[in-house]
Ligand SMILES: *Cc1c(COP(=O)(O)O)cnc(C)c1O
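Residue numbers (UniProt numbering): 1 to 407.
Written out as structure tokens, the structure reads:
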């Protein structure tokens, strides 16, 4: 291989990587394979995981697997083209129809990925001269979409509707877009959707909600956070653009947007990641149609999930006072145990790993500095014994204290 000239900017890469090491911010991947329920193998070792977004355990559900297999036999594996050319299979069209019905919104579009949906939908809605108002804890894909749009971006403090109102009132922009996670992905708390919508009505703004972590979990029959707020069906507002991913509770992959006929038709015409990306394969669309049926009939799964959430929160309560750890308020599957220091959070993750439990430590820049945490993701696939094992392990590690953790 040719060597780099000593003055090349690429010579800085080893230094930059070393800086990540020094701050304990270098991330590594582990190879995983499913076993059963929440049990997996990680780098060949059996582990009990608390880090999947497969909140209902549907990724391994036999009905979804069968639907995907049958669709592969009928449609093949790849879709072969953009939905605007040849990739819009009868399966994808049927899924969009089912999604709109399930969400009780007029129309839906199915994208190949959630990240690409957000990164591209926002620039299709607003541009230079327009105003975006974005919650400080929004997901990276929303942030990227805001930046790509070239609209002016104003971040309001997390969940602070008074601050948002002040920004909206002062904005000279004719076109205003308020963007928020519906369930915040690192804290697990829920946005005040009626409050956000009321402000959007007052200031003639459009509200875009990312319900990646709410679809399948929240609302009647898991119809999501907008349904939980009573803002679907006859109460749907043309001012709301609902977005969700199909890669989490729905157990497959892809993103969706749903809303009024006009809004969705506009996005169909103008969203670059819809037009210029190959359509999601029909086998995923068919798996997702099956998934929607399982979700709608899934009250028992959701009850099981809620029981695990309550079990964890109750179990961790006695630990908080003596450790200084903070368990953020959340009734969603995302349970954030804030440790604070990057090294301490990593040491705790390592202590759990040695006990066969996999809980990811989430560090800056994914979360604000000084709030490194364990992000415990619960699933209907967890048993009561699984959650008890996690609580016991955290208790044992807390008893050892920070010195022992750091060894
Ligand atoms: C995961 C996630 C996305 C991206 O979705 P993918 O389907 O993983 O591409 C977007 N928004 C939020 C809030 C997410 O958590």
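All C-beta atoms in this analysis are idealised placements derived from N, C-alpha and C, irrespective of residue type, glycine included.
As the structure is a computational prediction, the values presented were derived from the model and not from experiment.
Under a three-way DSSP split, which group does residue i fall into?
i, result
"residue 40", "strand"
"residue 266", "helix"
"residue 395", "helix"
"residue 336", "strand"
"residue 108", "strand"
"residue 405", "Reliability fails at residue 405, whose pLDDT of 43 lies under 50, so the model's placement of it is uncertain and the value that follows must be treated cautiously. In the structure shown, residue 405 sits in a helix (DSSP, three-state: H, G or I)."
"residue 210", "strand"
"residue 361", "strand"
"residue 153", "strand"
"residue 413", "The requested residue 413 is not part of the displayed model; the chain covers only 1 to 407."
"residue 12", "helix"
"residue 195", "helix"
Can you give me the Cβ contacts of residue i inside the same chain, cut-off strictly under 8 angstroms, excluding the 5 residues immediately before and after it?
i, result
"residue 248", "53, 54, 55, 212, 213, 215 and 216"
"residue 77", "281 and 283"
"residue 148", "119, 120, 122 and 123"
Excluding sequence positions up to five away, which residues of its chain have a Cβ less than 7 angstroms from the Cβ of residue i?
i, result
"residue 188", "328, 330, 332, 334, 335 and 336"
"residue 349", "359, 360, 361 and 374"
"residue 405", "For residue 405, the predicted structure reports a pLDDT of 43, less than 50, and the residue's modelled location is therefore unreliable. A value from the coordinates is still provided. So the list reads 344, 347, 348, 351 and 397, once near-sequence residues are dropped."
"residue 273", "111, 116, 117, 119 and 120"
"residue 201", "239"
Taking 6 angstroms as the limit between beta carbons, can you name the residues of its chain near residue i, skipping five residues before and five after?
i, result
"residue 409", "It is not possible to answer for residue 409, since the shown part of the chain is limited to 1 through 407."
"residue 381", "37, 38 and 57"
"residue 403", "Low local confidence applies: a pLDDT of 48 at residue 403 is under 50, so the model's placement there is unreliable, and no value is given."
"residue 391", "315"
"residue 378", "308, 309 and 333"
CA-CA distance, residue i and residue j?
i, j, result
"residue 322", "residue 67", "50 angstroms"
"residue 128", "residue 152", "7 angstroms"
"residue 394", "residue 171", "48 angstroms"
"residue 319", "residue 87", "53 angstroms"
"residue 338", "residue 353", "18 angstroms"
"residue 61", "residue 174", "47 angstroms"
"residue 164", "residue 136", "11 angstroms"
"residue 101", "residue 357", "39 angstroms"
"residue 166", "residue 363", "31 angstroms"
Just to check, is the beta-carbon of residue i closer than 7 angstroms to a non-hydrogen atom of ligand 1?
i, result
"residue 278", "no"
"residue 118", "yes"
"residue 245", "yes"
"residue 134", "no"
"residue 139", "yes"
"residue 185", "yes"
"residue 158", "no"
"residue 54", "no"
"residue 33", "no"
Quick one: what's residue i bridged to in DSSP?
i, result
"residue 179", "134 and 208"
"residue 45", "42"
"residue 244", "256"
"residue 376", "335"
"residue 411", "Residue 411 is absent from the structure shown; the chain starts at 1 and stops at 407."
"residue 190", "183"
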